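K.L.:
Provided herewith is a single structure, encoded as structure tokens, for subsequent inquiry.
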Amino acid sequence: MASVTQQAIGDKSDIQATVQQIVAQVAQFEQDEPGSREKLIQTARSLIQSLETPMESILWMIWSEPTRYIAARLALDLKIFETLIEDNARPKSVDDLTAPSGASPQLVKRISRKLATMKMINETGVDEYAANDFTHALNIPKYRDGIRFCFDSAGPSFANMPQYFADTKYQNPQNANNGPFQYAHQNKSAFAWLNEHPEVFQAFQSYIHGQREDRPSWTDEGFYPVHERLVDGLEPEGESSALVDIGGGLGQVLVDFITVTPGWKGRLILQEQEPVCQLAKASGIDQRVEVMVHDFFTAQPIKGARAYYLRNILHDWPDADCRKILAHIKDVMKPGYSKILINDSVLADRDPSWQHASLDLYMMALTAAQERSEREWYDLINSCGLKIEGIWSKGEGNESIIEVVI
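Going by the UniProt record's numbering, the first residue of the sequence shown is number 1, and it counts up by one from there.
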């Protein structure tokens, strides 16, 4: 009889039940039922975990996942993905893949071999590889740049986290200037470090912009009731007519808003740091969007606006800093009219999604910040003398809209 460590983690009856669940979910997926694809992925992953022995699960975690990540990151520098799609994506030898970088053929072979085992590229012969659909996706900047940004910025923080927490007696990080990132990057903040590494900063902007494109927009039908909550009752002139996107990157949120509210009579204002404002202008942002340099830790210049929108801003900061950001907005809000719209993750208090739980640790690594549960959002907003009017969500693992009023 096999020992416990040689057996699958799940028992056979549970595995059979999971297979039947997958069969049912495939039928739902074929009928294009909302959420069926995500449920099928989750169940398929649980099936694999049930089938694996403990050692297989551990080896996948400590052998496969880290080496997949580093192979993908090195492949960007070696231009492996880029080379594979050239010449109508014909198969390439290792020598072909070596040419753009001048790297050692043996190194390129070893990296390519790992990529092929993870289905990131296809192996078509001895020392020969070809692009697949995922390879083509990895040549799209918004996907490619996510690998570069996360590896280069958060990677050292994760690597140093065990020693950081040992040194801090395992206290939860609360100081944006003294967290895991500073421990790994010579006491520099993530934002200062990005400014010193323009290639990573550009990757960050591309990654964030792309992530927003691939997720539900707050203006999508069935998400936040834009017309009912913002358009109705709008004062159409001056600053009170404004929708202000604070820290809004390249302005995609306001572009989405224009699409669903073509009759919007108010102002649309994008507030960002100077380098990002320059990128937004260079990207050809819609002329109806006013681009304004602003630091959200300083007084808010637009007073009494219809809404102040913050997407993925507060999750970058510990509670104390969030209170400062919100205080500047609160100071200029018009009671009974102005709203703060927080577009951020709201973790379930029980069984949160893997996306939210993972991103929470990324925020710890980058800015000593966090993703927050619904209870934690209420605690934070109430501590600012503000009130949550409602929370709207769409799809597991995505951000929600938290509407806040005085």
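Cβ atoms here follow ideal geometry from the backbone N, Cα and C, with glycine treated the same way.
This structure is a prediction, so every number in the text was calculated from the model and none was measured.
Among the residues of its own chain, which have a CB less than 8 angstroms from the CB of residue 491, if the five just before and after it don't count?
P.N.:
Outside the displayed span of the chain (1 to 406) sits residue 491, for which this structure offers no information.
K.L.:
Taking just the CA atoms, how far does Ile-111 sit from Ala-72?
P.N.:
Ala-72 and Ile-111: Cα-Cα distance of roughly 8 angstroms.
K.L.:
Give the list of continuous beta strand (DSSP E) stretches no shorter than 3 residues that lie fully inside the region 360-386.
P.N.:
None, since the region 360-386 contains no complete beta strand (DSSP E) of that length.
K.L.:
Please report the straight-line C-alpha distance between Ile-381 and Thr-259, rounded to a whole angstrom.
P.N.:
C-alpha separation (whole angstroms): 30 angstroms.
K.L.:
Please tell me whether Ala-280 and Leu-250 are closer than 8 angstroms, where the distance is taken between their beta carbons.
P.N.:
Yes. Within cutoff.
K.L.:
Report the rounded CA-to-CA distance for Ile-302 versus Gln-278, giving the unit in angstroms.
P.N.:
If you take the alpha carbons of Ile-302 and Gln-278, they lie about 21 angstroms apart.
K.L.:
Which word fits Trp-317, buried or exposed, when buried means at least 16 other C-beta atoms lie within 10 angstroms of its C-beta?
P.N.:
By the neighbour-count rule (16 or more Cβ atoms within 10 Å), Trp-317 is buried.
K.L.:
Is the Cβ-Cβ distance between Tyr-224 and Trp-392 less than 8 angstroms?
P.N.:
Cβ atoms of Tyr-224 and Trp-392: closer than 8 angstroms.
K.L.:
Write down the C-beta distance between Gln-49 and Ile-9 rounded to the nearest angstrom, noting that I regard them as a contact closer than 8 angstroms.
P.N.:
That belief holds up - the Cβ atoms of Gln-49 and Ile-9 are roughly 6 angstroms apart, short of 8 angstroms.
K.L.:
Return the residue from the list Ser-217, Asp-11 and Glu-272 that minimises the CA-CA distance to Val-289.
P.N.:
When each option's Cα is compared against that of Val-289, the closest is Glu-272.
K.L.:
Report the three-state DSSP secondary structure of Thr-83 (helix, strand or coil).
P.N.:
In the structure shown, Thr-83 sits in a helix (DSSP, three-state: H, G or I).
K.L.:
Going along the chain, which unbroken runs of the alpha helix (DSSP H) with 4 or more residues stay wholly within the region 131-177?
P.N.:
Entirely contained in the region 131-177, the alpha helix (DSSP H) runs reaching 4 residues are, in chain order, 133-137 and 141-167.
K.L.:
How would you write the range of the alpha helix (DSSP H) that Asn-195 sits in, first residue to last?
P.N.:
Start and end: 190-196.
K.L.:
Taking the straight line between their C-alpha atoms, what separation do you get for Ile-246 and Asp-344?
P.N.:
Taking the straight line from one Cα to the other gives about 13 angstroms.
K.L.:
One question on the structure: do Leu-97 and Ile-147 come within less than 8 angstroms of each other, judged by their Cβ atoms?
P.N.:
No, the pair does not count as a contact, with Cβ atoms beyond the cut-off.
K.L.:
DSSP state of Met-1, grouped into three classes?
P.N.:
With a pLDDT of 43 at Met-1, under the threshold of 50, the modelled position of this residue cannot be trusted, and the question is left open.
K.L.:
Keeping to the same chain, check which residues put their C-beta closer than 7 angstroms to that of Met-1; ignore five residues upstream and five downstream.
P.N.:
Below a pLDDT of 50, predicted positions are generally treated as unreliable, and Met-1, at 43, falls in that range; no measurement from the model is reported.
K.L.:
Whole angstroms are fine: how far does the CA of Asp-319 sit from the CA of Tyr-143?
P.N.:
Near 31 angstroms, if we compare the C-alpha coordinates of Asp-319 and Tyr-143.
K.L.:
Would Tyr-183 pass as a contact of Tyr-164 if the rule is Cβ separation under 8 angstroms?
P.N.:
Taking 8 angstroms as the Cβ cut-off, Tyr-183 and Tyr-164 qualify as a contacting pair.
K.L.:
Is Ser-400 helix, strand or coil when you go by DSSP?
P.N.:
DSSP places Ser-400 in strand when its eight states are reduced to three.
K.L.:
On the criterion of 16 or more Cβ atoms from any shown chain inside 10 Å, does Asn-218 qualify as buried, or is it exposed?
P.N.:
Before going on, a small fix: residue 218 reads as Trp here, not Asn. Result: buried.
K.L.:
DSSP three-state call for Asn-88: helix, strand or coil?
P.N.:
Helix, per DSSP.
K.L.:
For Trp-193, which residues in the same chain have their Cβ closer than 6 angstroms to its Cβ, ignoring the five residues on either side in sequence?
P.N.:
Answer for Trp-193: His-185, listed in chain order.
K.L.:
For Ala-307, which beta-bridge partners are listed by DSSP?
P.N.:
In DSSP, Ala-307 forms a bridge with Leu-243 and Lys-339.
K.L.:
Kindly indicate which residue of His-328, Ser-338, Asp-167 and Ala-154 has the alpha-carbon position closest to the one of Ser-358.
P.N.:
The shortest Cα separation from Ser-358 among His-328, Ser-338, Asp-167 and Ala-154 belongs to Ala-154.
K.L.:
Nearest to Glu-56 by CA position, among Gln-7, Leu-78 and Val-19, is which residue?
P.N.:
It is Gln-7.
K.L.:
Less than 8 angstroms between the beta carbons of Ala-365 and Pro-180, yes or no?
P.N.:
Taking 8 angstroms as the Cβ cut-off, Ala-365 and Pro-180 qualify as a contacting pair.
K.L.:
State buried or exposed for Gly-222, treating a residue as buried only when at least 16 other CB atoms are found within 10 Å of its CB.
P.N.:
Its Cβ having fewer than 16 others within 10 Å, Gly-222 is exposed.
K.L.:
Where do the N-terminal and C-terminal ends of the beta strand (DSSP E) with Val-289 fall, by residue?
P.N.:
That run of the beta strand (DSSP E) goes 289-293.
K.L.:
Put Ser-101 into one of helix, strand or coil per three-state DSSP.
P.N.:
If DSSP states are grouped into helix, strand and coil, Ser-101 belongs with coil.
K.L.:
CB Arg-311 to CB Leu-243, shorter than 8 angstroms?
P.N.:
Against a cut-off of 8 angstroms, the Cβ pair of Leu-243 and Arg-311 comes out as no contact.
K.L.:
From what residue to what residue does the alpha helix (DSSP H) around Thr-18 run?
P.N.:
Counting along the chain, the alpha helix (DSSP H) containing Thr-18 begins and ends at 12-30.
K.L.:
With a CB to CB cut of under 6 angstroms and the five nearest residues on each side skipped, what residues in its chain are close to Asp-360?
P.N.:
Gln-370 and Glu-371.
K.L.:
Grab me the residues of Asp-14's own chain with a C-beta within less than 8 angstroms of its C-beta, minus the 5 sequence neighbours each way, in chain order.
P.N.:
Within the same chain, Asp-14 has close Cβ partners Ser-50.
K.L.:
Note the first and the last residue of the continuous alpha helix (DSSP H) segment covering Gln-278.
P.N.:
Counting along the chain, the alpha helix (DSSP H) containing Gln-278 begins and ends at 274-282.
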